[in-house]
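Heads up: the structure comes next, in structure tokens.
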């Protein structure tokens, strides 16, 4: 509901519509899609939207939601490994930063080339 309420406020603000929105997660994007639909704004013809986390319902939305998928299981495994390593050997060096690259899932809510 936060995406729906926030997008409703934005659309009522009079601020010109940008070409695209990125939502904090797919659930927020679902609400934004509903607000766009109620205002008659066509996705992706008038505005593109992309989510993050590849919620199972993303592919069934109309239009299907473009999103980014993170391998959260791999991230959590690595985090646990780092914590265990730190507990077992508190004086050892360990990575301060690791990068996990998301997978881009292109669907119908973005104009081609808009989110990639």
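In the numbering used here, the protein residues as written are 3 to 118. Just so you know, even glycine gets a beta-carbon here, dropped at the ideal spot from N, CA and C.
Residue i - DSSP class collapsed to helix/strand/coil
{"i": "residue 70", "result": "strand"}
{"i": "residue 31", "result": "helix"}
{"i": "residue 16", "result": "coil"}
{"i": "residue 107", "result": "strand"}
{"i": "residue 60", "result": "helix"}
{"i": "residue 45", "result": "coil"}
{"i": "residue 102", "result": "coil"}
{"i": "residue 114", "result": "coil"}
Presumed contact (8 Å Cβ cut-off) between residue i and residue j, rounded CB distance
{"i": "residue 19", "j": "residue 49", "result": "6 Å"}
Rounded straight-line distance, which links the Cα of residue j to that of residue i
{"i": "residue 47", "j": "residue 65", "result": "11 Å"}
{"i": "residue 81", "j": "residue 73", "result": "13 Å"}
{"i": "residue 75", "j": "residue 102", "result": "11 Å"}
{"i": "residue 43", "j": "residue 55", "result": "24 Å"}
{"i": "residue 24", "j": "residue 87", "result": "36 Å"}
{"i": "residue 28", "j": "residue 99", "result": "26 Å"}
Bridge-paired residues (DSSP) for residue i
{"i": "residue 50", "result": "22"}
* **At least 3 beta-carbon pairs within less than 8 Å: the stretch 7-15 vs the stretch 26-37** => Touching, yes.
* the stretch 80-97 in contact with the stretch 54-61 per 3-pair CB rule at 8 Å -> Contact between the stretch 80-97 and the stretch 54-61 is absent: fewer than three C-beta pairs spanning the two stretches fall below 8 Å.
* Taking contact to mean at least 3 C-beta pairs separated by less than 8 Å, is the stretch 103-110 in contact with the stretch 83-91? -> With a cut-off of 8 Å, the stretch 83-91 and the stretch 103-110 do not count as touching, because too few Cβ pairs lie within range.
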